[in-house]
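Enquirer:
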Amino acid sequence: MPTISVIIPTYNRGYIVQRAIDSILIQSLSNFEIIAVDDGSTDNTRIVIESVKDSRIKYVYKPNGGVSSARNVGMAQATGKYIAFLDSDDTWPVDFLKIMTAKLEQNRDFGVAYAATKINNSEEDKTGRPSYIERYVSGSITKKLFKNSFVWPMAVLIRRDVLKDFWFDEALKNSDDNDAFLRLSVRTKFLFVPDIIVLRYSSEDAHSKASYISGSCNRARSLERFYFKLGGDKFVSRKAAFSKISRVYRRAAERHRKGGYRIAAVELYKKAVSYQPFDIRLYIGVIKALLTNSPKGINPHWSLPEPLGEPLCHLKSKA
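For the sequence shown, the positions run 1333 to 1651 when the numbering used here is used.
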């Protein structure tokens, strides 16, 4: 049995997926399997992956369903003691698996180890500092994760046994990883590993950018579900929860307003007001949205997305 199952979800990344695979193959810890889940690619992704002749690589094709469904398929097929995720446009430092595994072996009461990340937006790194370095802590991090997102799939190592009956929510086309780690944080403690930094590459075709405006309220829907339906009120105070949810809806409203979507912006500001009725900025936002002059603003078909139900996974019936 491999020590680690590395899951690579990929979609039309034939031009770059080998870079991710190569960064796994050169790891100083070599007892792993790679499960490359092709989420319905129409380019040469399959050819690229199958051209890498290494018995530890397993190629899995599935119809397009989004990155969460690809991760879920990989998790269902994983056999390792630990599970790691690497998006097909990201890479790991050579000692990532070795260091992360050692930390979890030494700290058996933690179910997840996570590392700092740094965005690689250009060839020349400007700051040298990891992203959100001040937020990283070990232990029960539910409160902090509700307030801010700072745990990323490419920077975690997870004990497979804590993922029993756990899935990424396939109804979310973005904010899916934030939602997953928030839900996972009530199951187990998270261990911050300061010994290593993982690069996050920002690419133009990243799924989070594809729905930057249309999916911008998913984070708020996820927080609402967690707080009201999944027991989040036991971990986060009402004041903190309402303040955060309102702020997220306000950001979504501002994105729609700046994009010219007047009706959507007004409705999202109203949602923000429902949580923070004394925030004057929200009423100013509503006025600005009403004054928005754009053909997009008269779209009669836009409506607030429905509240999220139970985390959706097409594999649940087969589990």
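Each residue gets a CB set at the ideal place from its N, CA and C atoms; glycine is no exception.
#1: Where does I1340 fall in DSSP's three states?
#2: Pick out whichever of L1361, S1362, I1358, D1386 has its Cα sitting closest to the Cα of A1368.
#3: Do you know how far the Cα of A1596 is from the Cα of H1633?
#4: Measuring CA to CA, which of S1569, L1555, K1521, R1515 is closest to N1439?
#5: Name the residue from E1638, R1589, P1637 whose alpha carbon lies nearest to the alpha carbon of S1626.
#6: Determine the direct distance from the alpha carbon of G1591 to that of V1405, and round the result to whole angstroms.
#7: Using the DSSP secondary-structure output, state which residues sit across from N1396 in a beta bridge.
#8: Could you give the distance in angstroms between the alpha-carbon of A1651 and the alpha-carbon of E1365?
#9: Assuming E1556 contacts P1639 (C-beta within less than 8 angstroms), just tell me the rounded distance between them.
#10: Could you check what DSSP says for I1529 in three-state terms: helix, strand or coil?
#11: State yes or no: is the C-beta of D1508 within less than 8 angstroms of the C-beta of V1399?
#12: Three-state secondary structure (DSSP) at Y1347?
#13: Taking the CB atoms as reference points, tell me whether N1363 and P1334 lie closer together than 8 angstroms.
#14: For a quick check, are the C-beta atoms of G1617 and R1582 less than 8 angstroms apart?
#15: With G1617 as the anchor, note down where its beta strand (DSSP E) starts and where it stops.
#16: Going along the chain, which residues of its own chain have a beta-carbon closer than 6 angstroms to the beta-carbon of I1358, five neighbours each way excluded?
Expert: Quick answer:
#1: Stepping through the sequence shown from its first residue, residue 1340 is reached at position 8. In the structure shown, I1340 sits in a strand (DSSP, three-state: E or B).
#2: In the sequence shown, the residue the question calls residue 1368 occupies position 36. For A1368, the closest alpha carbon among the candidates L1361, S1362, I1358, D1386 is that of D1386.
#3: Numbered from 1 along the sequence shown, position 301 holds the residue referred to as residue 1633. Numbered from 1 along the sequence shown, position 264 holds the residue referred to as residue 1596. Each residue's CA atom was taken as its position, placing H1633 and A1596 some 10 angstroms apart.
#4: Mapped onto the sequence shown, residue 1439 falls at position 107. It is K1521.
#5: Looking up residue 1626 in the sequence shown gives position 294. Answer by Cα proximity: R1589.
#6: The residue given as residue 1405 occupies position 73 in the sequence shown. The residue given as residue 1591 occupies position 259 in the sequence shown. Using only the alpha carbons, I get a separation of about 35 angstroms.
#7: As a working mapping, residue 1396 is identified with position 64 in the sequence shown. For N1396, which the question treats as bridged, DSSP gives no partner whatsoever.
#8: The residue given as residue 1651 occupies position 319 in the sequence shown. The residue given as residue 1365 occupies position 33 in the sequence shown. Confidence at A1651 is low in this model, with a pLDDT of 49, below 50, so its placement is unreliable and no value can be given for it.
#9: Translated into positions along the sequence shown, residue 1556 becomes position 224. Translated into positions along the sequence shown, residue 1639 becomes position 307. Yes, E1556 and P1639 are in contact; Cβ-Cβ is about 6 angstroms, under 8 angstroms.
#10: Locating residue 1529 in the sequence shown gives position 197, counting from the first residue. In the three-state scheme derived from DSSP, where H, G and I count as helix and E and B as strand, I1529 is classed as strand.
#11: One-based indexing of the sequence shown puts residue 1508 at position 176. One-based indexing of the sequence shown puts residue 1399 at position 67. A contact, by the Cβ cut-off of 8 angstroms.
#12: What you label residue 1347 is simply residue 15 of the sequence shown in a count that begins at 1. Coil at Y1347, not helix or strand.
#13: Position 31 of the sequence shown holds residue 1363. Position 2 of the sequence shown holds residue 1334. Contact: yes.
#14: As a first step, residue 1617 is located in the sequence shown; it is residue number 285 there, counting from the start. As a first step, residue 1582 is located in the sequence shown; it is residue number 250 there, counting from the start. Here G1617 is near R1582, since their CB atoms are less than 8 angstroms apart.
#15: Position 285 of the sequence shown, counted from the first residue, corresponds to residue 1617. Taken as a continuous stretch (DSSP letters only), G1617 belongs to no beta strand (DSSP E), being part of the alpha helix (DSSP H) at 1612–1622.
#16: In the sequence shown, residue 1358 corresponds to position 26, counting from 1. So the qualifying residues of the chain are V1426.
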